Amino acid sequence: MRPQSTPSSRPRSASQTSRAAASESQRTARLTPRFSKDAVTSSRRIASSRPPSRRWGPGRPPLTPPAPQSPSYGRHSPGVLLAGTARAGLTIEGDLAPNFVAQGDELMPVVLVVDDGAANRELIRLYLSTIDCEVRLAEDGPTALDMIETAPPDLVLLDVRMPRMDGYEVCRRIKAMPRGRLLPVVMITGLSQTTHRVMALEAGADDFMAKPVEGAELIARVRSALRLKELYNTLDSAEHVIFSLATAVEAKDSFTEQHTQRVGESARLLGERLGLSEQTLDVLYRGGIIHDIGKIGVSDSILHKPGPLDPVEVPQMQAHVAIGESIVKPLRSTSGLLPIIRHHHERFDGHGYPDGLRAREIPRAARIVSVCDAFDALVNDRPYRMRRSTEEALAVLRAGSGTQWDPETVDLLASELPTIQHLGAA
235 MRPQSTPSSR PRSASQTSRA AASESQRTAR LTPRFSKDAV TSSRRIASSR PPSRRWGPGR
295 PPLTPPAPQS PSYGRHSPGV LLAGTARAGL TIEGDLAPNF VAQGDELMPV VLVVDDGAAN
355 RELIRLYLST IDCEVRLAED GPTALDMIET APPDLVLLDV RMPRMDGYEV CRRIKAMPRG
415 RLLPVVMITG LSQTTHRVMA LEAGADDFMA KPVEGAELIA RVRSALRLKE LYNTLDSAEH
475 VIFSLATAVE AKDSFTEQHT QRVGESARLL GERLGLSEQT LDVLYRGGII HDIGKIGVSD
535 SILHKPGPLD PVEVPQMQAH VAIGESIVKP LRSTSGLLPI IRHHHERFDG HGYPDGLRAR
595 EIPRAARIVS VCDAFDALVN DRPYRMRRST EEALAVLRAG SGTQWDPETV DLLASELPTI
655 QHLGAA
């Protein structure tokens with residue numbers, strides 16, 4: 235145990251007292267996070283689905299002497315980066331801008347406690363009243379999922395044994411939600427066997443606590459999880475920058491306006507018809523949006539050339555898949571999109587690029603996006619040709635079915651054409 239310092243019996247002078255107070259004030263200022271209301275307001279404007287109202291006013295008074303200040307929650311709001319995305323007209327499903335609650339001039343993270351026991355919920359609320367956070371309560375899984383969908387918290391403390399839906403299933407559903415991908419979940423349970431811990435981690439939990447809950451341990455784990463959320467927010471902000479770059483690619487070429495948005499929506503629709511998981515549908519949608527991000531490294535003279543590319547220009551155009559992969563690869567949160575970015579120009583017969591994959595070797599998501607990309611390109615104007623009718627475009631796809639494109643995906647797109655046209659993809 236660290237030895238406690240003993241106060242000196244020697245009295246301090248007035249100047250010493252003044253200097254000590256000033257030093258303490260400066261130290262506290264460095265440790266205490268400050269957040270800009272303007273930055274958060276900007277972030278909330280971008281996340282239009284999030285209810286605008288927030289609780290203002292002082293928090294609950296601590297029942298014990300104040301604990302050390304909670305960790306900094308980031309000096310830069312994702313709202314600054316999101317604003318550029320919104321101005322470009324791109325809406326990213328599942329905005330994860332921090333859901334701060336204002337208290338005076340400071341902003342606090344939000345912790346959602348999910349437990350079917352009222353006494354347990356109140357005990358955790360009592361422990362957390364000693365740190366700077368707002369606590370919200372849910373008595374079961376479905377209620378918690380609705381609350382997360384409406385106004386995502388910054389951390390979920392989740393009981394395992396609950397009626398209607400156990401904590402494992404709730405955790406899986408949270409992680410499958412666009413708004414829950416980067417939301418830390420700490421599971422709390424009286425089940426202490428190793429198998430239960432393994433099940434919690436397999437469900438996507440970020441941490442695990444055993445009951446009965448100890449206040450000091452709870453606060454330490456909450457602070458650790460909020461630090462994790464801060465890192466997630468940094469990654470999420472970087473992800474929004476990448477999507478803004480994808481929009482910038484389209485801005486370079488008036489012929490491709492809204493092309494990637496239509497491809498993303500069409501790919502997600504086909505994935506739904508195939509019964510793919512919500513997580514895979516999200517990958518299809520986001521991958522469809524940024525599949526051509528590498529074209530930001532291709533010369534405008536090549537992108538806008540009205541005729542066929544010459545032998546020198548072809549490899550420069552084909553390099554966009556590797557460029558796109560190199561842009562996105564550093565972000566782990568977008569790792570699921572890499573197969574789409576790299577392989578959406580592979581051919582079903584193995585004569586595509588960059589790796590010459592064939593048939594089922596080509597990732598399924600890339601095969602789906604490839605067909606949606608080709609169809610939307612066919613029915614819209616390009617610098618080198620005029621648009622084709624829907625019937626002509628389908629004829630081109632069917633002619634290339636089994637050679638250039640996956641025949642199963644071509645047939646599925648043809649069967650869903652009325653819905654795709656309703657989405658604005660044609």
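Sequential numbering of the sequence shown, starting at 235, is according to the working numbering.
Yeah, the Cβ is synthetic: ideal placement off N, Cα and C, and Gly gets one too.
Small disclaimer: the values here were computed from a predicted structure and weren't measured.
By DSSP's criteria, residue i is part of a beta bridge. Which residues make up the other side?
i	result
S635	W639
A372	V348
L392	V348, M421
In three-state terms, what does DSSP make of residue i?
i	result
V419	strand
T298	Confidence at T298 is low in this model, with a pLDDT of 36, below 50, so its placement is unreliable and no value can be given for it.
L612	helix
G338	Unreliable placement is indicated for G338, whose pLDDT of 47 sits below 50; no coordinate value is reported for it.
D441	strand
L510	coil
H430	helix
H538	coil
V447	coil
D526	coil
A385	coil
V532	coil
D516	helix
D400	coil
Q492	coil
T481	helix
D380	helix
E464	helix
D645	helix
C405	helix
S363	coil
E356	helix
Identify which residue in the options has its Cα closest to the Cα of residue i.
i	options	result
L379	K409, E368, L416, V644	K409
L460	D645, P573, V344	V344
M620	Y519, V456, P540	P540
A553	K563, F582, M381, P588	P588
G449	D615, L631, T364	T364
T377	L392, H474, Y466	L392
G424	V394, M411, D441	V394
A444	K463, M421, V456	M421
L416	G584, T568, V432	T568
R507	G584, I602, I557	I602
T653	R496, D640, G528	R496
G521	S500, L657, R622	S500
R622	L631, L612, C367	L612
Y402	V475, E464, T384, V348	V348
I524	H577, L362, E625	H577
P386	P397, D400, E368, M399	E368
D440	R431, P418, R359, I476	P418
A372	N354, L362, D366, R594	N354
R398	D615, D350, K563, I574	D350
G528	L465, T494, Y519	T494
Where does residue i land, buried or exposed, given buried means 16+ other C-beta within 10 angstroms?
i	result
E451	exposed
A627	buried
Q655	exposed
G375	buried
S604	buried
R566	exposed
V546	exposed
S511	exposed
D544	exposed
D607	buried
T298	In this prediction, T298 has a pLDDT of 36, which is less than 50 and means its spatial position is unreliable; nothing more can be read from the coordinates.
E559	buried
E580	buried
R502	buried
D534	exposed
H585	exposed
S478	buried
G662	Residue numbering for the chain in the displayed model covers 235 to 660; residue 662 lies beyond these limits and cannot be assessed.
Hey, is residue i close to the ligand PLP, as in C-beta under 6 Å from one of its heavy atoms?
i	result
H554	As presented, the structure is devoid of all ligands, the ligand PLP included, so that no description of it is given.
With a cut-off of 7 Å, does the C-beta of residue i fall near any C-beta of chain B?
i	result
L460	The question asks about chain B, but that chain is absent: this structure has only one protein chain.
Counting only runs of 4+ residues fully inside the region 543-626, write out the alpha helix (DSSP H) ranges in chain order. 547-552, 554-562, 572-577, 598-612
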